[in-house]
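Residue numbers for the sequence shown, in this note's numbering: 50 to 106. Even glycine gets a Cβ: it sits at the ideal position worked out from N, Cα and C. One structure is given here, and the rest of the page talks about it.
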Amino acid sequence: MKFPGALKKKKRSSERHVMLVSFMSFWTFHLKMHQSNISVIAFSVIFIKIIQNNTVF
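Structure (structure tokens):
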């Protein structure tokens with residue numbers, strides 16, 4: 050009984066990791082396309098909020 054629960058938790062965290070990686074790659078591409086300080090600031094704020102949300106769960 051213990052093992053499937055641990056497996057399920059691991060899968061969920063890996064899905065979040067995939068989302069985070071795709072989000073990072075999107076923003077890296079966006080910042081390369083549009084080099085602006087506003088984008089960097091917005092990215093920093095959003096990224097910090099995502100990290101805070103991840104620590105809550």
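Residues near residue i in its chain [Cβ-Cβ closer than 7 Å; skip 5 each side]
| i | result |
| --- | --- |
| N103 | R65 |
Contact belief for residue i with residue j at Cβ below 8 Å, rounded distance in angstroms
| i | j | result |
| --- | --- | --- |
| H79 | S88 | 6 Å |
| L69 | I95 | 11 Å between Cβ atoms; not a contact. |
Beta-carbon contacts of residue i that lie in its chain and below 6 Å, excluding the five residues immediately before and after
| i | result |
| --- | --- |
| F106 | Here the model assigns F106 a pLDDT of 46, short of 50, so the residue's position is not dependable and the matter cannot be decided. |
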